Structures are given as structure tokens and as C-alpha cells.
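Chains A and B are the protein sequences, given in the same order.
Heads up: the first sequence is residues 1 to 583, going by this note's numbering.
Heads up: the second sequence is residues 1 to 467, going by this note's numbering.
All C-beta atoms in this analysis are idealised placements derived from N, C-alpha and C, irrespective of residue type, glycine included.
Bear in mind the structure is a predicted one, so any value in this text is a computation, not a measurement.
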Amino acid sequence: MKNRQPWNPDIAVLALGLALSGGAAGCNETSEPGPTGPEPEMLVADPAPLTRLTAEQYNNTVRDLFDPVPIGHIIFPVELEGRGGFENNVTLNTATPALVETYQRAARQVADAVLEDLPGALGCDPNAGTCARDWLVGFAERAWRRPLTTAEQEVLLQNFDTWATDHDVTSAVTLSITFLLQSPDFIYVPRLGADAPAPGEAAIPLTDWELAARLSYFLWNSTPDAELMDLAREGRLRDRQVLADQAFRMLADWRAVDMVVSFHRQNWDFDDVGANPIDLDFYGPVFEERGMTEEDDKSDFYYLEYSPQARFESDVFIAQHVFYGDSRLETLLTTNRTWVTQNVAEIAYQQPLDTESEPVSWSALIPQEGNDQLRAYQQEYFPIELDPTQRAGLFTMVGFLIAKAGPSQPAPVRRGVTIIDRLLCTELHPPGDVPPLEEAETEAPRTNREKYEIHKRSEACAGCHASIDGIGLTFENYDSMGRWRDTDNGFPVDASGELLSTDQDGPVSNAVELMRKLGSSRTVHDCYTRQWFRYAFGRNETIDDAPTVLALQEGFWNSDGNIIELVVNLAGSYSFRHRRGQP
Amino acid sequence: MSRFNRRQFLTGLGLATGSLFLPSLLPRARGATGAPPKRLIVLVTQHGAWMPTWAMNPAGNPTDAVWEQDLTTLSESDFSRSLAPLHPWRARTIAIEGLSMVSGDIDPAGVLRHEIGQIHVLTGNEVEMVSGLPVGRSPSIDQLIANHIALPDRLRSVELSVGGVAPVVNYRDRLQPLLGESRMSVAHERLFGLVNGASGANAATLEQGRVLSLVEERYQLLANQLSAEDQQKVGVHRDLISDLQSQIEGLKSASCEVPELGSVDNYAGEWTAAVSMLTAAMSCDLVRVATVNLSTLPGEAIGINGEDVHDAYAHQLASSQEAVDAMTNYTAYHAAEVAELLTALDAIPEGNGTMLDNTLVLWTSELADGIHSLDRMPNMLFGGQTWNMGRYLHYPSDTPYEAWVWDGNRRSSAGRPHQKLLSSVMRAFDVPDPDTGEQWSAMPIRELRGMGGATIDCTGVLDELWT
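The following block contains the structure:
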């Protein structure tokens with residue numbers, strides 16, 4: 001994954017132009033974040049609540065701190081996500097006993113890994129002269145993402161010397177690492193700000209060191225690299241032009257690809273792909289066509305091959321279109337171009353695959369059978385153009401479709417709710433109770449669609465379900481394995497529906513039409529911007545953030561929905577670089 | 001990604017119902033009368049139960065009275081279909097019919113009834129909304145009890161999820177959810193990773209305390225620079241670090257037979273792993289309080305293929321006999337699982353009896369039934385020595401509250417507040433009232449308003465338990 005090509009440099013130029021269009025020098029605070037941005041008095045500083053490294057960020061950080069020493073993957077306890085699904089949300093990030101135990105164990109695991117080749121990790125003979133001591137000072141600065149104060153350095157070195165005397169240098173290094181990695185300076189990412197604000201000013205600029213960490217945890221989900229640290233040391237990151245240049249540099253790195261994929265994974269629920277049980281009998285013919293007759297074979301194929309291949313198709317899709325395509329949201333929602341495995345091409349898309357074309361290799365860590373251990377997943381994905389009358393964008397592709405499906409029939413309500421929640425940012429208020437539904441007909445429903453007709457007959461249901469089912473039922477052409485179907489239970493599929501409460505309202509005849517409407521919808525673009533704001537700030541927006549969010553939304557819409565530009569504009573925004581004074 | 005295999009599920013069901021040995025039905029000679037149980041295991045299942053196939057009233061007692069039925073005299077056919085697998089354990093059981101989460105019904109949070117029930121069931125308190133997310137606003141009883149009975153140098157409590165991550169029911173404190181760990185290997189490492197490790201005296205071990213106190217100082221220094229809210233977060237982390245030191249030492253010095261982690265690639269395997277880990281960990285006193293939160297059973301476990309248990313069955317209880325049968329099997333499946341746990345606890349001798357005598361098991365649910373009622377929920381207690389077991393307690397619907405129920409009508413009365421059960425369990429563990437230092441008196445919700453402004457008293461305990 002480290003050898004991916006950087007993304008199209010033309011887009012970088014375009015994005016830079018927009019990001020900095022507020023002033024020639026690019027640091028004119030009064031007109032940022034753009035010509036349509038807020039008045040100066042509306043610039044909003046971030047309350048900057050304390051963020052804690054996510055499991056992903058912790059693993060990336062120790063990987064980068066000790067590169068090339070292999071640390072191994074650290075497994076964290078399960079944690080609640082904030083509503084909207086972002087793992088970095090500060091709302092419920094109070095530490096738990098299991099988490100603090102894990103930090104302790106992880107610090108030991110890291111230290112043990114470093115001991116495997118201590119001279120290699122330190123770059124010198126640990127017992128020679130001041131080798132280990134010097135390394136420790138440099139390491140502490142990288143681990144805490146800032147130089148230590150004199151007092152902090154004294155504590156560190158005094159303890160190191162004591163441990164070296166009482167035990168040996170190796171032990172002193174180990175113990176020092178476990179101290180540094182369990183400290184809040186490592187586990188949390190504090191944003192305390194530079195100096196007290198001038199009288200009458202509520203905003204405090206972040207320090208250069210804080211900006212380095214802010215940028216790197218946003219754009220890379222990892223710790224700042226040497227270049228960021230050097231710029232921070234030189235006091236140059238507070239120059240907005242320098243910061244924007246760094247954002248572009250960082251976006252050309254594979255770690256940014258991982259971050260953008262991670263954002264979409266969380267935002268659009270990729271983790272649900274493959275978590276559903278499938279009815280192996282109902283779909284028996286699909287497996288039997290491929291020569292599988294035993295139930296175990298079918299089960300293994302579906303859960304251990306097909307599902308992971310479908311799951312990571314979504315990752316490849318995002319990476320390719322954002323970094324090697326046109327980077328536009330509308331493309332993610334409407335394109336028929338994707339990258340697939342042979343199984344998925346043949347089963348879900350019923351199209352042959354050109355295996356002569358150049359594949360994208362994708363690797364990831366995935367849970368083993370039984371969900372317990374992790375194993376390396378590596379797969380080649382081949383480009384394919386799907387039938388544009390059947391597929392338009394990620395939400396008509398196999399991942400979303402199998403994630404939001406019952407064992408035999410698709411789940412129109414879950415499909416509809418996901419789109420309303422994640423693409424339209426409309427918070428649905430779940431029913432307080434489920435009223436009993438009268439069975440009006442004596443006959444059983446003939447199709448999946450008919451099953452949901454019952455929602456229309458109850459006043460209590462119809463309110464919400466008009467919009468949910470209006471979207472969800474347009475996906476009736478896709479079954480629980482993501483395959484196109486023209487009939488359901490022998491009857492023709494009716495995939496008509498209606499989009500409500502957006503700027504693109506109106507009837508549609510199927511999901512392809514629906515996705516084209518959503519792809520060109522301002523509502524969808526504004527929602528997507530809000531989601532990025534939540535991700536970048538580790539919190540949900542409040543009314544105070546309105547000027548910032550509105551400016552970002554305006555910028556995103558005017559850029560034709562360019563995702564890279566949006567990310568850069570977020571990183572360059574006033575809120576991103578300033579914290580609010582303590583009340 | 002979960003892997004489901006129907007064949008294995010069915011095997012699991014068969015094993016759980018068929019391989020029980022029959023424990024003694026005679027009331028057990030107890031230690032000191034009323035001696036508090038030493039451990040607590042809370043089991044929370046989803047979708048409640050279906051009272052018509054859960055409840056037992058072979059004597060035809062009136063529905064409008066408090067009454068008690070001796071369970072030990074009931075034959076297997078007298079037992080309800082939902083609870084049949086627990087018949088062999090009837091002498092060690094108290095089944096409680098007629099408690100309600102009235103507080104949940106009234107809760108103004110406006111979120112799913114599942115979410116409301118998950119918060120009320122063990123906190124007995126209202127939902128707090130934080131950034132659109134419903135969260136608990138006070139500790140759940142397992143945590144209050146852990147604060148009281150946990151050894152300072154062992155794990156305070158352990159929370160597990162079976163069948164994927166189950167919705168959170170445990171709260172360490174306000175806004176501090178404890179999600180059940182769903183990966184059994186992670187739980188295994190947490191419970192047993194350090195035990196039997198006292199022998200070595202290397203530098204890392206010797207200096208552990210020094211490292212942790214240095215770390216603790218860092219948290220203190222950072223806290224001083226933060227907002228009140230963040231100070232509290234960092235304060236919690238600091239306190240946990242301070243607990244960690246003695247905990248690590250204690251766990252290392254514990255000698256414990258570490259159970260091997262069996263196959264955990266389906267629901268039954270995960271449950272069996274949870275049972276063996278908890279039994280082993282509690283028998284060597286690594287932890288005294290545990291919650292196992294059981295996710296919705298996959299259809300395969302109860303012979304349903306191709307349909308979603310939650311949507312296609314739990315929600316249809318009011319109108320479909322097929323759904324009633326399925327959800328009855330659903331509860332019976334869990335009852336068989338509970339029997340498996342009781343068997344494991346009872347197989348380990350302890351003092352004059354077994355571990356089960358020193359372990360109270362509470363089995364409750366987030367809802368009363370699959371169609372989202374909170375009225376007349378299923379509750380069961382097993383083991384321990386506080387109460388005389390072998391009883392079925394029936395409470396009438398005499399709470400003046402219009403409860404929403406499955407038939408779409410509001411009923412003019414509801415079962416008694418479940419806070420009384422929570423307080424009873426608190427009292428069983430001798431947890432003192434934080435205000436008075438006397439015996440536990442009430443959960444945070446002390447009083448509710450019912451019909452016509454009538455007062456609903458949520459304080460006190462279920463006195464009948466002590467008779």
C-alpha cells in the first residue's frame with residue numbers, strides 16, 4: 001500500500017486556488033475561508049474538547065513512530081461511537097477500565113517489540129556513551145508531538161538514569177517507553193493554544209506543535225512526520241500558506257488514502273458489510289451453479305470469500321475515485337465504474353471480468369473466522385464498467401446492498417434509513433412504539449414490496465415511512481446478495497419511489513434515477529460537508545459553528561463537490577486553527 | 001464479520017437442553033442465614049419474553065393479587081414452555097412476574113423503546129441525550145455492587161457481549177458506558193493474561209509502580225489546564241491508572257486454572273466460552289461482578305431460516321401464532337443457556353456447597369416483550385443465599401399508570417416499578433445507601449406520577465423476596 005501513485009496533481013492546483021482564494025498571501029484572516037465566507041466577526045474558534053487517539057490512530061502512530069520496527073497490531077476493547085458513527089467523537093470518550101488496561105498492555109507490547117533489535121531501533125549501541133539517553137529525548141519529543149519542557153525532560157532522564165543504574169540500560173529504555181506511551185501527552189491530543197488571547201478576543205491560536213498534530217491526525221490518522229515537526233520547530237505552521245502546502249503534501253501520501261477510506265467506512269457503514277446472515281437455502285442455486293453442494297462450502301464461500309471481497313470493494317472504490325479519479329461526490333454517487341473480484345463480477349454484477357486489465361491490489365486486516373483473531377487480507381480488484389441502466393454509484397453496488405438486506409429479501413427500510421441518515425443528514429425520530437398492524441388482506445404478500453405496503457395503511461407509520469420507503473423501495477431490483485433482479489417471487493419488480501424533503505424532490509422509477517437525483521442534490525452535498533466537519537473536529541456541529549459550516553458547504557458546492565478541496569478547506573479553516581478561550 | 005453455521009447452532013441447542021445433570025432439588029443447607037452472595041452475574045437478553053408462554057400459574061391463582069407458587073413442587077409439564085429448560089433448577093430459582101419499567105414508559109427522551117429499556121433496565125434511571133445519543137445518567141447496579149464488593153487488586157467487573165456487540169446496558173457512571181466485549185479472545189486475555197505470573201522479579205515488574213505513578217502525575221498536570229468537562233475525563237483516567245497498579249500485582253499473584261478458549265465461531269460457542277471463562281475467573285476470585293449481554297439470537301438457533309428474528313418474529317407477536325412459537329423457542333433457548341451457566345457454577349465445590357451458593361445470577365431483559373412493551377417484564381434470580389429459592393412471585397398490575405401495551409390500547413394499570421428489584425439486589429449485597437450509610441433504599445428515580453397525578457412509589461424493595 002505504500003507504493004501507490006500520488007493522485008492527480010491537476011486537482012491539487014485547482015484546490016489550492018480555491019482554498020486560498022481569500023487573499024493573495026493566503027493568510028488574510030479577515031476574508032477566509034473564501035470569498036463567500038463569513039464576515040470577520042463571524043469567524044468561530046473551536047471549543048477544542050479533548051480528543052483521544054482512536055484504536056486506528058493508536059496503531060498507526062506506533063507503526064510510524066518505530067518504522068521500520070514491526071510492532072504488531074494492538075487490539076482495543078470495543079467502544080461506542082457517537083451518533084453519526086465517527087470513532088473519534090469526543091462525546092463518550094471517557095476511558096474505561098478495559099481501555100486503560102489495554103494502554104498498559106500495548107505500551108509493554110511496543111517496548112518488547114523495540115527490544116527485539118534495540119541497536120537497530122536506537123540507531124546506535126545502547127550501552128555506548130549517551131546513545132540511549134539521546135535517543136530517548138528525541139523519541140519523547142516525537143511521542144508527545146512537542147519538545148518536553150525542561151522539568152519534563154528532567155523527570156524523564158532522572159528516572160532513566162535511576163533505572164539504568166538499578167537495572168540496566170535496556171530496562172531503562174523499556175520502562176521509559178511504557179511511561180511515555182501511557183501518558184496523556186501521548187494518548188490524548190490536547191489543544192491548549194499558544195498564549196492567552198488579547199483582551200476582547202475569545203480565540204486562541206493553536207501552537208505550531210498543536211497544528212502539526214491537528215493536521216496529521218486529521219489527514220493521516222497518525223502522528224506528525226519529521227517535516228511537520230521541523231516546520232513546527234521553526235514556528236512556520238501558523239503561516240496559513242505553509243499549512244496549506246503541507247496539507248497538499250500530506251494528501252499525496254498513502255496515509256491520506258487510508259484516512260479518506262476510513263472516513264467513508266465510518267460515515268457510510270462499511271463495517272456492516274458481511275455482518276448479515278444469508279439464507280444459504282434461498283440462495284442455494286447461486287452456489288450450486290458454482291459447483292458447491294455442501295452447506296459448509298456455501299457458508300465458507302459466502303462469509304469468508306464473497307463478503308470480504310464485497311466489503312473491500314467499497315474501500316477500493318473510494319480510494320480510486322477520490323485519489324485517482326475526479327474526486328467528486330457526485331461521481332461516488334452516480335458512476336458505474338468500480339473495481340471488483342471475479343466472484344463479485346460474476347455473481348452480483350453478472351458480467352465477465354477483463355482479467356487482462358491492471359488490477360488494484362488491496363490489503364487489510366480482517367477478523368478471522370469467529371471474529372476473534374485478525375488475519376491479513378490481500379486481494380486484487382479489476383476495473384469494470386457496470387451496466388449504467390442498473391448501477392449508479394456506491395449505493396447500487398454490492399457492499400451497501402448486502403449490508404442492508406435480510407437473509408433472503410432486501411431490507412428497504414434499512415436501505416432507506418441509511419440514505420436518509422447518512423446522505424441527507426435527516427435525523428429520523430424512531431417510533432416510540434410499534435403499533436399492531438392489521439392484516440387487511442387474507443393473502444400473504446406476493447412480493448417484498450407488498451410486505452411494506454402495510455406502512456401506508458397506518459397513519460402512525462405513514463408519516464416517516466413515506467420518505468423512508470420512498471427511497472428504500474427503489475432498491476428492490478437488488479437482492480440480498482447484491483444481484484440485479486427483474487422479478488421478485490415471480491412477479492415483476494416495481495422499484496418506483498419518491499424523494500422527499502430535498503432540493504431534488506420528485507418521483508423516480510428506480511435506484512439509478514434516485515442516485516442521479518441525490519448526486520446532484522445540494523442537500524446531499526451540504527450533508528456530506530457536515531459529516532466531514534464532524535470527522536475533522538471530533539464532535540458534532542453546534543449552532544455556534546454555523547458560519548464555518550455554511551462557508552464550507554458553499555465552497556464545496558461551488559467547487560462542483562470536490563472532496564480534496566473540501567478536506568483542504570477544513571484544514572485551513574479558522575476553526576481548525578483556533579481554540580476558544582476558557583469560559 | 002460473523003460466520004454463521006446452522007448445523008452448529010442446532011448442535012448447540014441440543015447440547016444445552018439435553019446434557020444437564022440433575023442437581024439436587026432439596027433446598028440446600030445454607031451457610032449463615034442471609035449471608036450475602038459473594039458474586040453477581042447479570043444476564044440481559046433482548047426482546048423480553050412472551051408472558052402467555054413464560055408465566056406459570058398451575059394453581060389458578062387470581063391475577064389481581066400478590067401470590068407465591070412453590071416451584072419445587074411443579075412437574076416438568078407444569079413449567080411454562082419458555083422456561084422448561086430451567087425445570088431441573090427450580091429449587092435454585094426465583095421467577096418474578098409483574099414488574100414493569102414504568103419509568104421507561106414515561107421517559108421523555110423520545111428514542112427507541114429498545115434504547116430506553118437498555119438504559120432503564122440496570123440503572124433504574126432516565127435516559128440522558130448527548131449529541132443525539134441516548135446514554136445512562138447514573139451507574140448501573142452491577143457497577144454500584146462492584147464498587148462495594150470488588151477486591152481492589154483484582155478486576156472490578158467484566159462485561160461481555162455474545163453474538164456480536166450487544167447494545168450497552170452497563171454504566172460505570174453518568175455518561176460512562178461499558179460496552180460488552182464481543183471477542184472472546186480479547187476477554188480471555190483481559191481475564192487471564194496476567195495470572196500465575198508472580199514468579200519473575202524483572203525490572204519491568206519491580207518498577208511497574210514507579211512507572212504508573214509517573215503516569216498518574218502526568219494526568220494530574222494535564223487536568224489542571226482543561227475545561228471542567230475534560231478535567232473530569234482526565235480525572236477518571238487518572239483514577240483508573242491508580243487502580244491499575246495494585247490490580248496488575250493482584251492478578252499476577254493469583255493462581256488460577258486458565259480455561260482453554262474453545263471454538264467461538266457461532267453463538268453457542270461464544271456462550272459456552274463466556275460461561276467457562278466467568279466460572280473459572282470467579283472461582284479464583286479474579287472478578288466478582290460480571291454482565292453478559294446477549295445479542296438477538298440468529299434465526300438459525302431456533303430453526304428459523306431466511307427471516308430476521310427481530311423484524312419478522314419479535315415484532316409480530318401480537319398477530320401471529322408462528323411468531324409466538326418462535327419467540328417462545330427464543331426464550332427457551334436462552335433458558336437452556338442459563339441452565340448451562342448454573343450447571344457450570346454448581347459443578348465447582350465451595351465451602352459446604354458450590355459456587356452457585358455464593359453467586360447471585362439475575363436474568364432480565366431490555367423490554368417486556370418483542371413488540372416493545374415495558375409492562376410486565378420477565379425477571380429471574382438464581383443461586384446465592386440471601387433469599388429462599390424455589391419460588392414464583394406474582395405481582396398484580398396495581399400501579400396506577402396507563403402503560404402502553406401490545407394490543408395498541410393503554411391499560412389502566414401496570415406492573416410494579418422494576419426499581420424495587422434493582423434495590424433488592426443492591427440490598428442483597430449490603431450496598432449501603434450513599435446518603436445515609438444505612439441499608440440501600442432506592443434507585444435514583446424515587447417517585448413517578450401516574451394517572452390523575454397518583455404517586456407511584458419506586459423506593460424500597462420487593463419485600464416478598466425476604467419471606
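Quick test of the definition: if touching needs 3 or more C-beta pairs under 8 Å, does the region 236-244 of chain A touch the region 147-159 of chain A?
Touching, no, given that fewer than three Cβ pairs across the two stretches are closer than 8 Å.
Alpha carbon to alpha carbon, how far is Glu307 of chain B from Pro410 of chain A?
The residue you call residue 307 of chain B lines up with position 307 of the second sequence. The residue you call residue 410 of chain A lines up with position 410 of the first sequence. Cα to Cα, the separation comes out at about 11 Å.
Distance check for Val168 of chain B and Arg415 of chain A, CA to CA, integer angstroms please.
Position 415 of the first sequence holds residue 415 of chain A. Position 168 of the second sequence holds residue 168 of chain B. Straight-line Cα distance between these residues: approximately 24 Å.
Report the rounded CA-to-CA distance for Ala95 of chain A versus Val264 of chain B, giving the unit in angstroms.
Taking the first residue of the first sequence as position 1, residue 95 of chain A is located at position 95. Taking the first residue of the second sequence as position 1, residue 264 of chain B is located at position 264. Answer to the nearest angstrom: the Cα atoms are 28 Å apart.
For Arg290 of chain A, does the three-state DSSP call read helix, strand or coil?
For the purposes of this step, residue 290 of chain A is identified with residue 290 of the first sequence, where counting begins at 1. Coil at Arg290 of chain A, not helix or strand.
Ordered along the chain, which non-local residues of its own chain (more than five positions away) have a Cβ less than 7 Å from that of Glu468 of chain B?
What is shown of chain B runs 1 to 467, which leaves residue 468 of chain B out entirely.
Answer yes if the region 174-186 of chain B comes into contact with the region 201-209 of chain B, meaning at least three C-beta pairs across the two stretches below 8 Å, and no otherwise.
Touching, no.
What residues of chain B sit near Ile75 of chain A, judged by a beta carbon separation below 7 Å?
The residue labelled residue 75 of chain A in the question sits at position 75 within the first sequence. Those within 7 Å of Ile75 of chain A in chain B are Val186.
For a cutoff of 8 Å on Cβ pairs, would you count Asp545 of chain A as touching chain B?
In the first sequence, counting from the first residue as 1, residue 545 of chain A sits at position 545. By this cut-off, Asp545 of chain A is not an interface position.
Segments assigned alpha helix (DSSP H), at least 4 residues, entirely inside the region 192-265 of chain A
Runs of the alpha helix (DSSP H) inside the region 192-265 of chain A: 208-219, 226-233, 240-251.
Residue range of the unbroken alpha helix (DSSP H) whose run includes Leu333 of chain A
Looking up residue 333 of chain A in the first sequence gives position 333. Element bounds for Leu333 of chain A: 329-334.
Three CB pairs or more closer than 8 Å across the region 449-468 of chain A and the region 382-392 of chain A:
The region 382-392 of chain A and the region 449-468 of chain A do not touch, with fewer than three beta-carbon pairs separated by less than 8 Å.
Counting pairs of Cβ atoms below 8 Å between the region 277-284 of chain A and the region 389-409 of chain A, do you hit three or more?
Cβ pair count under 8 Å is three or more, so yes.
Thinking C-alpha only, which one of A:Val169, A:Cys131, A:Asn127, A:Ala106 is nearest Phe186 of chain A?
As a position in the first sequence, residue 186 of chain A is number 186, starting the count at 1. The shortest Cα separation from Phe186 of chain A among A:Val169, A:Cys131, A:Asn127, A:Ala106 belongs to A:Ala106.
Excluding the 5 residues flanking Thr331 of chain B on each side, which residues of the same chain have their C-beta closer than 6 Å to its C-beta?
Here residue 331 of chain B refers to the residue found at position 331 of the second sequence. Closer than 6 Å at Cβ, skipping near neighbours: Ala49, Ser82.
Would Thr102 of chain A be called buried (16 or more neighbouring beta carbons within 10 Å of its own) or exposed?
Your numbering for residue 102 of chain A matches position 102 in the first sequence. Answer is buried; the Cβ neighbour count reaches 16.
Range covered by the alpha helix (DSSP H) that runs through Asp161 of chain A:
Mapped onto the first sequence, residue 161 of chain A falls at position 161. 150-166 is the span of the alpha helix (DSSP H), which, as asked, contains Asp161 of chain A.
Under 9 Å from the C-beta of Tyr219 of chain B: neighbouring residues of chain A
Locating residue 219 of chain B in the second sequence gives position 219, where the first residue counts as 1. Result: Ser183, Pro184.
May I ask you to list, following chain order, the residues of the region 496-521 of chain A that have a beta carbon less than 7 Å from some beta carbon of chain B?
In summary, no residue of the region 496-521 of chain A has a CB separated from any CB of chain B by less than 7 Å.
Anything in chain B within Cβ reach of Asp64 of chain A, meaning under 9 Å, just list it in chain order.
By 1-based counting over the first sequence, the position of residue 64 of chain A is 64. Here the premise fails: no neighbours, minimum Cβ distance about 22 Å.
Any C-beta of chain B sitting closer than 8 Å to the C-beta of Glu101 of chain A?
Numbered from 1 along the first sequence, position 101 holds the residue referred to as residue 101 of chain A. Interface residue, yes.
Can you list the residues of chain B that His455 of chain A reaches, using a CB-CB cut of under 9 Å?
Stepping through the first sequence from its first residue, residue 455 of chain A is reached at position 455. In chain order: nothing, as chain B lies at least about 13 Å away.
Residues of chain A with CB closer than 9 Å to the CB of Ala414 of chain B, please, in chain order.
Here the question's residue 414 of chain B lines up with position 414 in the second sequence. Per Cβ cutoff of 9 Å: no residues; Ala414 of chain B is ~14 Å from chain A at best.
How many whole angstroms separate the CB atoms of Thr341 of chain A and Gln309 of chain A, which I take to be in contact at a CB cut-off of 8 Å?
Within the first sequence, numbered from 1, the residue matching residue 341 of chain A stands at position 341. Within the first sequence, numbered from 1, the residue matching residue 309 of chain A stands at position 309. Thr341 of chain A to Gln309 of chain A, Cβ: 4 Å. Contact.
Note down, in chain order, each residue of its chain lying with its Cβ closer than 8 Å to the Cβ of Asn329 of chain B, except the 5 sequence neighbours on either side.
Within the second sequence, numbered from 1, the residue matching residue 329 of chain B stands at position 329. The answer, listed in chain order, is Ile302, Gly303.
Using the Cα positions of Asp70 of chain B and Thr93 of chain B, report the straight-line distance between them to the nearest angstrom.
Here residue 70 of chain B refers to the residue found at position 70 when the second sequence is read from its first residue. Here residue 93 of chain B refers to the residue found at position 93 when the second sequence is read from its first residue. Between Asp70 of chain B and Thr93 of chain B, the C-alpha separation is close to 10 Å.
Which of helix, strand or coil does DSSP assign to Ser458 of chain A?
On the first sequence, position 458 is the one that residue 458 of chain A refers to. In the structure shown, Ser458 of chain A adopts coil according to DSSP, grouped into three states.
Partner residues on chain B for His167 of chain A, Cβ-Cβ distance less than 7 Å:
Locating residue 167 of chain A in the first sequence gives position 167, where the first residue counts as 1. Listed along the chain, the chain B residues whose CB falls inside 7 Å of the CB of His167 of chain A are Ala203.
Could you give the distance in angstroms between the alpha-carbon of Ala290 of chain B and the alpha-carbon of Met282 of chain B?
Against the second sequence, residue 290 of chain B aligns to sequence position 290. Against the second sequence, residue 282 of chain B aligns to sequence position 282. Distance from the CA atom of Ala290 of chain B to the CA atom of Met282 of chain B, rounded to whole angstroms, is 9 Å.
List the whole-angstrom C-beta distance separating Ser496 of chain A from Pro507 of chain A, where the pair is believed to meet the contact cut-off of C-beta under 8 Å.
Position 496 of the first sequence, counted from the start, is the residue given in the question as residue 496 of chain A. Position 507 of the first sequence, counted from the start, is the residue given in the question as residue 507 of chain A. Yes, Ser496 of chain A and Pro507 of chain A are in contact; Cβ-Cβ is about 7 Å, under 8 Å.
Out of A:Leu99, A:Leu65, A:Thr178, state which residue places its alpha-carbon closest to the alpha-carbon of Ala55 of chain A.
Position 55 of the first sequence, counted from the first residue, corresponds to residue 55 of chain A. Selected option, being the one with the closest Cα: A:Leu99.
Is the Cβ of Leu278 of chain B closer than 8 Å to any Cβ of chain A?
By 1-based counting over the second sequence, the position of residue 278 of chain B is 278. Taking Cβ atoms only, chain A never reaches closer than 8 Å to Leu278 of chain B, which makes this a no.
Output yes if chain B places a C-beta closer than 8 Å to the C-beta of Asn59 of chain A; else output no.
As a first step, residue 59 of chain A must be located in the first sequence, where it is residue number 59. Not an interface residue.
Please return the same chain residues whose Cβ sits closer than 7 Å to the Cβ of Val169 of chain A, not counting the five positions on each side in sequence.
On the first sequence, residue 169 of chain A is found 169 positions in, with the first residue counted as 1. Around Val169 of chain A: Pro126, Asn127, Ala132.
Please report the distance separating the alpha-carbon of Met56 of chain B from that of Ala84 of chain B.
As a working note, residue 56 of chain B is residue 56 in the second sequence. As a working note, residue 84 of chain B is residue 84 in the second sequence. The straight-line gap from Cα to Cα measures roughly 11 Å.
What are the uninterrupted segments assigned as beta strand (DSSP E) that are 3 or more residues long and contained completely in the region 278-337 of chain B, given in chain order?
Complete beta strand (DSSP E) runs here, min 3: 289-294.
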